[in-house]
Amino acid sequence: MPERITDELLLQTAADGDQAAFLELYDRYREPIFRFAYRLLGSVEIAEDVTHDCFLSLIRKPENYRPERASLKTYLYAAARNLALKHFRDQGRETGLEEVTEEPRDSPRRGPLRRLLDEELATHVKEAIFGLPPLQREALILFEYEGLSLSEVAQVAGTDAGAIKARLYRARQGLRRVLRPYLESNQELNSGREIVTLREA
Amino acid sequence: MGTEPEEEFVSDNELKSLLERWVAPGPSRVLDKRIETSFAREFSGADGLSQSVLLPHRREEVVSMKFCSVCKEEFADKFSFCPVDGTPLALISPPVEDPSLTVDRDPSVTVSRDNQAPAIQNAAFNEERVERERSG
Chain A
351 MPERITDELL
361 LQTAADGDQA
371 AFLELYDRYR
381 EPIFRFAYRL
391 LGSVEIAEDV
401 THDCFLSLIR
411 KPENYRPERA
421 SLKTYLYAAA
431 RNLALKHFRD
441 QGRETGLEEV
451 TEEPRDSPRR
461 GPLRRLLDEE
471 LATHVKEAIF
481 GLPPLQREAL
491 ILFEYEGLSL
501 SEVAQVAGTD
511 AGAIKARLYR
521 ARQGLRRVLR
531 PYLESNQELN
541 SGREIVTLRE
551 A
Chain B
68 MGTEPEEEFV
78 SDNELKSLLE
88 RWVAPGPSRV
98 LDKRIETSFA
108 REFSGADGLS
118 QSVLLPHRRE
128 EVVSMKFCSV
138 CKEEFADKFS
148 FCPVDGTPLA
158 LISPPVEDPS
168 LTVDRDPSVT
178 VSRDNQAPAI
188 QNAAFNEERV
198 ERERSG
């Protein structure tokens, strides 16, 4: 089985103009970087711009990446974060995201409307996350959705693990408060699915 | 950091399960193609420009104009006939070797003759007019 070429070697080769090496690097990290940018910004178009510029900056200034300080993946997340912040600044907005801090309306939906309920749940989860303060939001996205460790999230955000832990705690508290009605209906939905599965069996 | 009584009923796993409901889309093939093109441009040495939106380098476009032989005015390339008198417009080829004639293009703006280099443009227009007269 051939050994996997390291990110560092690929970057070095790509910076010398090797397109195949660059595309291999891009292929390794395009999805997580795009996903992160999308969840941070809430727009596919802007997330694609950020992803594009993130990878382009990598070959324009490869010397900015220091392997001894962080993995390339962490470095790319940090670059995407900075580009997202730049986008917010250019737009003249503090957060750039819709403020959705109101308590969601209680809307118990059941049975045949399951798909609708799934979509509604996804929308409310998205809105609840966008309602979080930006620093809590990015910590939550990196930790919960991208699976980064506390220290990795801290590296991306340029702070220490303790601060990230506190941000995560507050983010979860905020989400619990806002999403409580949906947590209950989600549990009902899941128990309904179990009944259906048992009946089918 | 204490937990409020009502939050005790919501475990981390339950919250995680709810968060998983929000699924992010994947990057499009358009982005893949864009990345590929940008990389090629970076190393082609042709112009060193990219399609970057957030990074400082922006692509410049060469303005292509048309000229009305009756009212002697220039109009944007999108016009085939003079909006003033209806005369068919002649294309003025942009002299690409002169970098002073490139501007950041705003499609909503029609560049007036005063903003151009008259000597070069008049020469181009004269050649165009001679050709048109020859062809009848």
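Going line by line, the protein sequences match chains A and B. To convert, count from 1 in the first sequence and add 350; that's our numbering. To convert, count from 1 in the second sequence and add 67; that's our numbering. Don't be surprised by glycine CBs; every beta carbon is placed ideally from N, CA and C. In this text the structure is predicted, and so the values were computed from the model without any measurement.
Select from A513/A, L471/A and R522/A the residue whose C-alpha is nearest the C-alpha of L490/A.
The option with the nearest alpha carbon to L490/A is R522/A.
Start and end residues, alpha helix (DSSP H) containing F480/A
Residues R464 to F480.
Whole-angstrom distance between L390/A and K476/A, CA atom to CA atom
In a straight line, the C-alpha of K476/A is about 10 Å away from that of L390/A.
Out of K436/A, I383/A and L525/A, which has the shortest C-alpha to C-alpha gap to F480/A?
Checked all of K436/A, I383/A and L525/A; the closest Cα to F480/A is L525/A.
Where the alpha helix (DSSP H) through K411/A begins and ends:
Unbroken run through K411/A: none, as it is neither H nor E.
In chain A, which residues lie less than 8 Å from K83/B when you measure between Cβ atoms?
Near K83/B (Cβ distances below 8 Å), the residues of chain A are E494.
Mapping the DSSP letters down to three states, classify L85/B as helix, strand or coil.
Of the three classes helix, strand and coil, the one that applies to L85/B here is helix, per DSSP.
Give the straight-line distance between the Cα atoms of N432/A and P94/B, rounded to the nearest whole angstrom.
Answer to the nearest angstrom: the Cα atoms are 19 Å apart.
Could you tell me whether the Cβ of V503/A comes closer than 7 Å to any Cβ of chain B?
With 7 Å as the cut-off, V503/A does not count as an interface residue toward chain B.
Going along the chain, which residues of the region 411–424 of chain A sit with their C-beta nearer than 7 Å to a C-beta in chain D?
Any reference to chain D falls outside this structure, whose protein chains are A and B.
Determine, using beta carbons only, whether Y388/A and I102/B come nearer to each other than 7 Å.
Contact check for Y388/A against I102/B fails: the beta carbons are separated by 7 Å or more.
Could you spell out where the alpha helix (DSSP H) holding F384/A opens and where it closes?
Taken as a continuous stretch (DSSP letters only), the alpha helix (DSSP H) holding F384/A covers Q369 to L391.
Using the beta-carbon of each residue, which ones in chain B are nearer than 9 Å to R487/A?
None at all; the shortest Cβ gap to chain B is about 12 Å.
Could you list which residues in chain A have their beta carbon closer than 9 Å to that of R101/B, in chain order?
Here the neighbours are E398 and H402.
Here's a check: name, in chain order, each residue in its chain whose Cβ is nearer than 7 Å to the Cβ of V503/A, leaving out the five neighbours to either side.
Cβ-Cβ distances below 7 Å link V503/A to A489, L492, F493 and I514 in the same chain, with the five nearest sequence neighbours on each side left out; the list follows chain order.
So the candidates are G153/B, L98/B, W89/B and S84/B; which of them puts its Cα closest to the Cα of E469/A?
Of G153/B, L98/B, W89/B and S84/B, the residue nearest in Cα terms is W89/B.
Could you check the C-alpha separation between E413/A and D368/A for me, to the nearest Å?
So the two alpha carbons sit approximately 16 Å from each other.
Which runs of the alpha helix (DSSP H), 4 residues or longer, sit entirely within the region 488–513 of chain A?
The region 488–513 of chain A is shown to contain whole alpha helix (DSSP H) runs of 4 or more residues at 500–507, in chain order.
Would you please verify whether the beta carbon of R96/B is less than 7 Å from any beta carbon of chain A?
Contact of R96/B with chain A is not assigned, every C-beta pair being separated by 7 Å or more.
Let me confirm a value: V137/B is counted as buried when at least 16 other C-beta atoms fall within 10 Å, else exposed. Which label applies?
Exposed.
Using 7 Å as the threshold, is the C-beta distance between A434/A and V394/A below it?
Between A434/A and V394/A, the C-beta spacing is not below 7 Å.
Rounded to whole angstroms, how far is the Cβ of L360/A from the Cβ of E374/A, which I believe are closer than 8 Å?
Yes, they are in contact, since the Cβ atoms of L360/A and E374/A sit about 6 Å apart, within 8 Å.
For E353/A, three-class secondary structure by DSSP
The answer is coil: DSSP assigns E353/A none of H, G, I, E or B.
Please check the pair H402/A and S105/B, which I expect to be a contact at CB under 8 Å, by giving their CB distance rounded to whole angstroms.
Right, the Cβ-Cβ distance comes to about 7 Å (below 8 Å), so this counts as a contact.
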